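Take a look at the structure set out below.
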Amino acid sequence: MYFGLLTDIFDGIIARKVGVSSEKLRRLDSQTDLVFWLAIGFSTYWLNSEIIKDHWKSISLIFGMEALCYIISFWKFGKETCTHAWLSKFWGLSLLLAFTFLIGFSTANWAFYLCLILGLISHIDVILIILILPIWQFDVPSSYHAWKIRQGKSIRKSVLLN
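Remember, our numbering sits 906 above the position in the sequence shown when you count from 1.
Spelled out as structure tokens, the structure:
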């Protein structure tokens, strides 16, 4: 899990440094992230199904929010979302922490609840990004940046690459 997250972080950095980052690779990165976290989630269910069953409503809310992001993006742009938003990155770190406690210590503690809150907030941000953007775009850091794009203001390239 930790190795997977580290390689996910560094493959993007390396790709941008050597100039091979593209829309297609960023979209594949988003899909790979989804499969990665789903695999860990299913593994967690297999290892600690009672904990997952006890929290099925809140977990279902996060799954629903994820689906809603895709539905809205396909409805508006005809393709999946690929924002790589900053709040989503924080949510990813909270997922790592929550899964560490769920798998390693068989407990849904404060890290689990933090993860749920950050998941909800980050999905709202992604939905706002999608709704605000006039055309599909990848690597939009936040709904604030989407608003700036909608107003015709350019965003520094370095901001988009982080």
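All C-beta atoms, glycine included, are put in the ideal place defined by N, C-alpha and C. Nothing here was measured: the structure is a model prediction, and the numbers come from that model.
- Taking a 10 Å sphere around the C-beta of Gly1058, we find fewer than 16 other C-beta atoms and assign the residue as exposed.
- Leu1039 carries a coil assignment under DSSP once its states are collapsed to helix, strand and coil.
- Going by DSSP, His1051 is part of the alpha helix (DSSP H) stretching over 1049 to 1056.
- In the DSSP assignment, Ser964 falls within the alpha helix (DSSP H) that extends over 962 to 983.
- The Cβ-Cβ distance between Leu1024 and Phe996 falls below 7 angstroms.
- Between Cys975 and Ile920, the C-beta gap is not smaller than 7 angstroms, which leaves the two residues out of contact.
- With at least 16 other beta carbons inside 10 angstroms of its own, Gly998 counts as buried.
- The C-alpha of Ser1012 is placed about 13 angstroms away from the C-alpha of Leu1003.
- Note that the C-beta distance between Cys988 and Ser936 is below 7 angstroms.
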